[in-house]
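Have a look at the structure below, then the notes.
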Amino acid sequence: MTSSIAYTNMASLIAKYDNLITFVRNVQASFLLVSETWLDPDVPDALLLLDGFISLDNIASVGEVVVSVYVADHILSKYSVSIINYNTENIESLFLQVTDKILTFVLGCIYGPPLLSIERRQIAFSALSKLASNNSTVFIFGDFDLPDINWSLEISHKYSVPSQLLLDLLLSHHLIQLVDQPTRSRAGQQPSTLVLILTSDDDLLANLEYLDPVGNADHVVLKVNIQIGTFRRKRAVSTVTDYKSINEDLKKLG
1 MTSSIAYTNM ASLIAKYDNL ITFVRNVQAS FLLVSETWLD PDVPDALLLL
51 DGFISLDNIA SVGEVVVSVY VADHILSKYS VSIINYNTEN IESLFLQVTD
101 KILTFVLGCI YGPPLLSIER RQIAFSALSK LASNNSTVFI FGDFDLPDIN
151 WSLEISHKYS VPSQLLLDLL LSHHLIQLVD QPTRSRAGQQ PSTLVLILTS
201 DDDLLANLEY LDPVGNADHV VLKVNIQIGT FRRKRAVSTV TDYKSINEDL
251 KKLG
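At position 99 of the sequence shown (counting the first as 1) the number is 99 in the UniProt record's numbering, and the numbers step up by one without a gap.
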């Protein structure tokens with residue numbers, strides 16, 4: 001079965017909620033990841049429901065909900081979905097473990113605010129390193145706010161210290177970054193690639209699309225198919241010996 005993941009940075013979910021409803025109707029997604037939601041935790045969940053989904057989030061260090069993940073009902077009917085905790089400090093995050101009898105993967109949503117110190121990024125990337133070490137299959141979507149990385153160049157190219165921290169993380173855990181086009185456009189500014197998709201297995205993600213922003217947001221929507229019905233399974237190999245034929249051949253030789 002092919003399902004899909006959609007991610008976007010909205011810069012206020014409440015302001016674009018009606019636009020999000022329209023987007024969900026038009027784009028079939030099994031998981032919807034949203035960063036920069038900026039929700040007051042006192043806002044009732046009922047005001048931000050999406051038909052056919054449940055929402056999962058946590059209160060960020062700034063006292064607001066900054067990342068949210070919507071999971072489709074058809075996923076919940078087949079898979080166990082739970083929040084797992086990895087402290088990424090001031091890089092806001094939400095990680096879900098998705099499991100059934102034959103597969104387990106981790107799906108993460110990240111928001112790295114601008115002007116974050118190197119020390120805080122080190123703490124965050126250390127947590128991501130633990131996540132990658134502890135889980136064989138991970139998919140991390142998010143706004144890392146590292147526009148200086150040119151993803152068309154070799155990963156060994158030298159960059160700013162914050163960007164180099166991320167690249168070192170990718171190299172250490174053999175993670176692959178899939179986004180190769182600009183994800184944000186603002187008037188008077190050069191388009192930049194801020195939103196990234198990190199994965200431990202790019203064979204399980206296919207058909208990456210760059211869709212129009214939701215409402216007047218300045219970030220595109222990334223949508224990618226996830227082949228959750230095609231996770232590799234060990235192939236059982238058995239050998240059957242035809243002793244009757246062997247005996248016949250031996251008689252002929254005798």
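Glycine included, each C-beta is placed from N, C-alpha and C at the ideal position.
Taking 8 Å as the cut-off, the Cβ atoms of F139 and I5 count as close. Bridge partners of F139 according to DSSP: L107, T199. Taking a 10 Å sphere around the C-beta of E209, we find fewer than 16 other C-beta atoms and assign the residue as exposed. The alpha carbon of I149 has as its nearest neighbour, out of L166, S133, N135, F141, the alpha carbon of L166.
The Cβ atoms of T88 and A127 lie closer than 8 Å to each other.
Straight-line measurement puts the Cα of L103 at about 20 Å from the Cα of K130. Within the region 24-93, the runs of beta strand (DSSP E) that reach at least 3 residues and sit entirely inside it are, in chain order, 31-39, 53-59, 65-72, 80-84.
Following the DSSP letters along the chain, one finds S3 inside the beta strand (DSSP E) bounded by residues 3-9. Contact between L211 and K223 holds: CB atoms are separated by about 6 Å, below the 8 Å threshold. The way I'd put it, the region 38-54 doesn't touch the region 111-124; fewer than three beta-carbon pairs between them come closer than 8 Å. Relative to A187, the option among V179, D203, H219 whose CA is nearest is H219. The C-beta of D143 has 16 or more other C-beta atoms within 10 Å across all chains shown, which makes the residue buried.
In this structure, DSSP gives I228 a state outside helix and strand, which the three-state scheme calls coil. The Cβ atoms of N19 and S35 lie no closer than 8 Å to each other. Using a Cβ distance threshold of 8 Å, T199 and I176 count as a contacting pair.
According to the DSSP assignment, L208 belongs to no alpha helix (DSSP H) but to the beta strand (DSSP E) extending over 205-211.
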